Every structure is written in structure tokens, then in C-alpha cells.
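Add 47 to the 1-based position in the sequence shown for our numbering, that's all there is to it.
For glycine and all other residues, C-beta sits at the position ideal for the given N, C-alpha and C.
Predicted model, so just to flag it, every value in this text is computed and none were measured.
Below you'll find the structure, written out as C-alpha cells, and then a few comments.
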Amino acid sequence: MTDEYVLLLDPAWSPDDGTEPPVEAIAGLWPMRPDGTTGRFRGNPDYRPVDPDAPTDPIDSALRDIAYDQAGTEVLEVVLRDALVEFAGNGDGRPLLAHSPDDVLCAVIATAEPHRRRIAAPQWQRVTVEEVAELLPDGTDLLINPGGPAAIRLTAGFVRRVAAISDKDLTAAYDRIAAR
Numbered sequence: 048m049t050d051e052y053v054l055l056l057d058p059a060w061s062p063d064d065g066t067e068p069p070v071e072a073i074a075g076l077w078p079m080r081p082d083g084t085t086g087r088f089r090g091n092p093d094y095r096p097v098d099p100d101a102p103t104d105p106i107d108s109a110l111r112d113i114a115y116d117q118a119g120t121e122v123l124e125v126v127l128r129d130a131l132v133e134f135a136g137n138g139d140g141r142p143l144l145a146h147s148p149d150d151v152l153c154a155v156i157a158t159a160e161p162h163r164r165r166i167a168a169p170q171w172q173r174v175t176v177e178e179v180a181e182l183l184p185d186g187t188d189l190l191i192n193p194g195g196p197a198a199i200r201l202t203a204g205f206v207r208r209v210a211a212i213s214d215k216d217l218t219a220a221y222d223r224i225a226a227r
């Protein structure tokens with residue numbers, strides 16, 4: 048395990064005289080690998096946004112950008128493929144299912160602790176999108192951050208396509224996005 052990380056700080060937090068950020072000001076982190084690349088984004092369960100309307104994590108930020116036509120779905124694909132999310136369970140090992148606002152049966156995930164607090168689920172599991180794709184029951188889609196400002200339903204096909212993105216293709220997508 049590495050002890051070096053890239054931190055994502057609350058945009059409203061600012062250091063006083065070079066002080067370290069308090070744990071509640073850290074939205075999450077990317078662990079650094081020995082080769083200098085980063086691992087998957089991990090949300091901080093102790094994060095408390097200064098502005099409750101601010102994005103809480105890269106996925107939430109991408110969803111908001113898409114909602115305002117400031118980004119395309121490729122950004123969502125990249126950040127979803129490269130993050131750990133919280134998968135809601137019903138307490139007996141099966142996914143928690145809920146109906147989306149358009150009345151489609153969905154499994155539920157939260158992308159960060161502030162979203163998780165809005166969801167009444169007896170069980171949570173931190174997973175990759177590949178694991179989400181495996182956990183999705185047949186005939187269900189995926190509901191992200193229900194009740195949040197950028198909640199969205201993703202089709203099971205979209206989730207499985209994102210889960211199948213290779214590391215090489217993920218790197219190429221990051222490069223395309225950075226070049227824009």
C-alpha cells in the first residue's frame with residue numbers, strides 16, 4: 048500500500064498560514080502508484096462540504112457539468128470507470144432497489160458520503176464500476192445519488208460499457224479530455 052496521495056480538497060477551504068487541511072475538508076484522494084500513476088478515486092467518509100451545493104466528488108462534478116451542457120458523457124465514463132463508489136444493499140446481500148423518477152427499477156449507488164447520508168440503506172459496499180456491473184440484477188438500471196442535485200439514472204448497458212473500458216483506453220480518454 049502506498050502512503051502518497053493526491054488529495055481533492057473542498058473548493059471553499061483555504062489554508063491559514065500553511066496549515067494542513069482538516070480531514071473534513073478532504074473530499075477524497077487518489078493513491079499514487081510506484082510508477083507515478085494514480086489509482087482509483089476514493090471518497091472520504093468524513094468529508095463535510097463547506098457549501099452544501101458544491102460538487103462532492105469527480106462523478107458528481109461530471110454529472111452537474113453534463114446537466115449544464117458543459118461536458119459530454121465521455122467525462123462521466125472516465126470518472127465513473129476510475130472511481131470507487133458506495134453500492135447500497137438491502138441487508139441480506141442483495142442490492143437495494145428503488146424506482147427512479149421516471150419509474151424504472153434501479154440499483155442504487157452513492158458517489159460520496161454526503162449523498163450516502165440521504166439514502167436509507169442497511170448495508171453499503173465500496174466497489175468499482177466493474178463490480179457494480181456484476182451486481183446489477185437483470186432488468187435493472189443504476190440510480191446515482193438519488194435525491195441529490197445531479198441524480199441520474201444510467202442504463203445497465205451504459206454501466207457495462209463503462210466497466211469494460213480497458214486501462215489503455217481510459218488513459219487515452221483522459222488524454223483526449225485534457226487536450227480540449
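- By the Cβ criterion, the segment 81-92 is not in contact with the segment 111-120, since fewer than three pairs of Cβ atoms, one from each stretch, lie closer than 8 angstroms.
- Under the three-state reduction of DSSP, T85 is assigned to strand.
- Selection I212, A59 and T84 evaluated against P102 yields A59 as nearest (Cα-Cα).
- The beta carbons of V151 and R200 sit about 6 angstroms from each other, so the pair counts as a contact at 8 angstroms.
- Counting of Cβ neighbours within 10 angstroms places G195 among the buried residues, the total reaching 16 or more.
- If you compare the alpha carbons of L127, P68 and D214 with that of N192, the shortest gap goes to L127.
- Annotation for V174: F134 place their beta carbon closer than 6 angstroms to its own, counting only its chain and skipping 5 residues before and after.
- Taken atom to atom, the span from the alpha-carbon of W171 to that of F88 is near 17 angstroms.
- Taking the Cβ atoms as the reference, L131 lies roughly 15 angstroms from A109, outside the contact range of under 8 angstroms.
- Only buried fits R163, as 16 or more other CB atoms lie within 10 angstroms of its CB.
- In this structure, E51 is the residue among T158, D63, G75 and E51 with its C-alpha nearest to the C-alpha of P81.
- With fewer than 16 other beta carbons inside 10 angstroms of its own, E67 counts as exposed.
- Each residue's CA atom was taken as its position, placing T120 and A203 some 15 angstroms apart.
- Look at the segment 87-150 and you find these whole runs of alpha helix (DSSP H), each 4 residues long or longer: 105-114 and 120-128.
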